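Letter by letter, the sequence shown follows residues 33 to 157 of the working numbering.
Worksheet for the structure shown next.
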Amino acid sequence: MVDILGYTIGISLALLASQAVSALLAFIAVVISDNYIGHNIELRRALVLSVISFFIVPLIIPYLGLNYPYLNLYFPLISWIILGEIILNNDFGTKLKILGVAFFVYYVLNIIIQPFIMGYLRFLN
């Protein structure tokens, strides 16, 4: 629990660390895919996209009060699409390739690596 201005927020260190690692690795995947796709995305824009879509949005989802299955998978996808349309200057096909690479990496990380990180950090506490 984190106490900010008298409000208790239930964000664990393990969740923050695992989301940060997922966002960072998705950013790295987008940058590395530039050699194969040729989308010429700026590093700053790729970092903004990955931090907002893969770090901030998954941390906000539990506090929305919505109870839909797989909401934590849909909201980052929706935010990535919207931000990609706003920030990126490429054609739709290139944006779709960038979306596919980033979301493949993000979902694989959420399924495979995030439980290991959260379990390890909970063990340390």
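Cβ atoms here follow ideal geometry from the backbone N, Cα and C, with glycine treated the same way.
Predicted model, so just to flag it, every value in this text is computed and none were measured.
With H, G and I counted as helix, E and B as strand and the rest as coil, what does DSSP make of residue i?
{"i": "E74", "result": "coil"}
{"i": "D123", "result": "coil"}
{"i": "I104", "result": "The displayed chain sequence assigns Asn, not Ile, to residue 104. Helix, per DSSP."}
{"i": "L98", "result": "coil"}
Label residue i either buried or exposed according to how many other C-beta atoms from any shown protein chain fall within 10 Å of its C-beta, with 16 as the threshold for buried.
{"i": "F135", "result": "buried"}
{"i": "P94", "result": "exposed"}
{"i": "I73", "result": "buried"}
{"i": "L120", "result": "buried"}
{"i": "A46", "result": "buried"}
{"i": "G132", "result": "exposed"}
{"i": "P147", "result": "exposed"}
{"i": "L141", "result": "buried"}
Between which two residues does the alpha helix (DSSP H) carrying residue i extend?
{"i": "F86", "result": "Segment: none, F86 is in no alpha helix (DSSP H) and carries neither H nor E."}
{"i": "N142", "result": "Careful: N142 lies outside any alpha helix (DSSP H) and carries neither H nor E."}
{"i": "I93", "result": "Per DSSP, I93 belongs to no alpha helix (DSSP H) and is neither H nor E."}
If you draw a straight line from the alpha carbon of residue i to that of residue j, how long is it in whole angstroms?
{"i": "Y68", "j": "K129", "result": "10 Å"}
{"i": "I92", "j": "Y100", "result": "14 Å"}
{"i": "A58", "j": "G97", "result": "27 Å"}
{"i": "Y106", "j": "Y139", "result": "11 Å"}
{"i": "T40", "j": "N104", "result": "For T40, the predicted model reports a pLDDT of 46, less than 50, meaning its position is unreliable; a value from the coordinates is still stated below. Roughly 22 Å between the two C-alpha positions."}
{"i": "I143", "j": "D123", "result": "30 Å"}
{"i": "G125", "j": "V89", "result": "25 Å"}
{"i": "F86", "j": "A55", "result": "5 Å"}
{"i": "S82", "j": "W112", "result": "8 Å"}
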